[in-house]
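Quick note on numbering: the sequence shown equals residues 39 to 243 in my numbering.
For glycine and all other residues, C-beta sits at the position ideal for the given N, C-alpha and C.
Reviewing the structure listed below.
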Amino acid sequence: MTSQPQVERPDLDALFADLAHPNPNIQREAYMAMVDHWPEESMPRLLALLGQSDVSVYRAAVKGLGAFGTSALQPLADLFAASPDGTVRACCVKAYAQIASNFPEEKFSSEAMAVLEKALSDDSPVVSQSAVMALGQVGVQALPLLIQICKGDNIAHVQSAAMALAEIPDPSAEACLREVLADPSTDPLCRQMVEASLGRLESSR
Numbered sequence: 039m040t041s042q043p044q045v046e047r048p049d050l051d052a053l054f055a056d057l058a059h060p061n062p063n064i065q066r067e068a069y070m071a072m073v074d075h076w077p078e079e080s081m082p083r084l085l086a087l088l089g090q091s092d093v094s095v096y097r098a099a100v101k102g103l104g105a106f107g108t109s110a111l112q113p114l115a116d117l118f119a120a121s122p123d124g125t126v127r128a129c130c131v132k133a134y135a136q137i138a139s140n141f142p143e144e145k146f147s148s149e150a151m152a153v154l155e156k157a158l159s160d161d162s163p164v165v166s167q168s169a170v171m172a173l174g175q176v177g178v179q180a181l182p183l184l185i186q187i188c189k190g191d192n193i194a195h196v197q198s199a200a201m202a203l204a205e206i207p208d209p210s211a212e213a214c215l216r217e218v219l220a221d222p223s224t225d226p227l228c229r230q231m232v233e234a235s236l237g238r239l240e241s242s243r
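As structure tokens, then:
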């Protein structure tokens, strides 16, 4: 019986060079190879790239961190807490959204959920809006926060939360949308989004 040939471990520097490639398929192959072959070595380097000025580089790093699943939650939480840079904090939150999207069966830690809750009141509107979108990806686990946001007074957040609630098959999501719709003080723009979200809920049945 012949032994299986060992898969050659790809060069880590070459993988990071590929991460900057304009072709998203090459980027994806690079960060998936990092997860498979260099998880401990590549994650700190990906986290460091979130502070880069090149948008394409930090966007690729966000996607790369999203491929690590829940093992990236705490390192991202630590970076979020330590960084004075709004772009870095937004990237951490967007990486959470990627993790939630890529691993929908995985639970977020209480520390990760605390980061998303804190991000909602971040000084940077990009961070706070990204947090609402990330909570939408987290889904049922984020339901209490999404309901709270939907009943709030930040119009952009209410609209995003309403869209997210329409994707969550839970009676309390629908109840929240109906309550907001029935409230005479609800902003007209929010009312339109809530109506549309309820329509999507009903049509998905």
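DSSP three-state call for G190: helix, strand or coil? Of the three classes helix, strand and coil, the one that applies to G190 here is coil, per DSSP.
* Using alpha carbons as the reference points, say which of A199, Q179, Q112, G177 lies closest to Q186. => Nearest option by C-alpha distance: A199.
(Q) Among the candidates P207, C214, D208, whose CA atom is the shortest distance from the CA of Q197? (A) C214
Practice prompt. Would you give the residue range spanned by the alpha helix (DSSP H) that L173 belongs to?
Written response: 163-176
For Q112, is the classification buried or exposed, using 16 other Cβ atoms within 10 angstroms of its Cβ as the cut-off for buried? Its Cβ having fewer than 16 others within 10 Å, Q112 is exposed.
Check: So A105 packs on V73, CB below 8 Å; how close in whole Å?
Finding: 5 Å
With H, G and I counted as helix, E and B as strand and the rest as coil, what does DSSP make of N63? helix
Exercise. Any idea what DSSP makes of S242, helix, strand or coil?
Worked result: coil
TODO: Measure the C-alpha to C-alpha separation of I64 and S223 and round it to an integer number of angstroms.
DONE: 50 Å
**Prompt:** How is the alpha helix (DSSP H) around Q32 delimited, first residue to last?
**Reply:** Because the chain spans 39 through 243 in this model, residue 32 falls outside it and cannot be assessed.
Buried or exposed, going by whether 16 or more other CB atoms sit within 10 Å of the CB of G237?
exposed
Terminal residues of the alpha helix (DSSP H) in which R83 lies | 77-87
Handout entry: Under 9 Å between C-beta atoms of L84 and G102
Key = yes
(request) With G104 as the anchor, note down where its alpha helix (DSSP H) starts and where it stops. (result) 93-104
Self-check item: Whole-Å CB distance - L181 paired with D208, under 8 Å assumed
Solution: Confirmed, about 6 Å.
_For V178, count the other beta carbons within 10 Å of its own beta carbon; 16 or more makes it buried, fewer makes it exposed. Which is it?_
exposed
Check your understanding: Going along the chain, which residues of its own chain have a beta-carbon closer than 6 Å to the beta-carbon of V126, five neighbours each way excluded?
Key -> Excluding residues within five positions, the ones whose Cβ falls inside 6 Å are L88, G89.
Secondary structure of R47, DSSP reduced to three states = coil
| query | Using the C-alpha atoms, what's the distance from E79 back to E233? | reply | 48 Å
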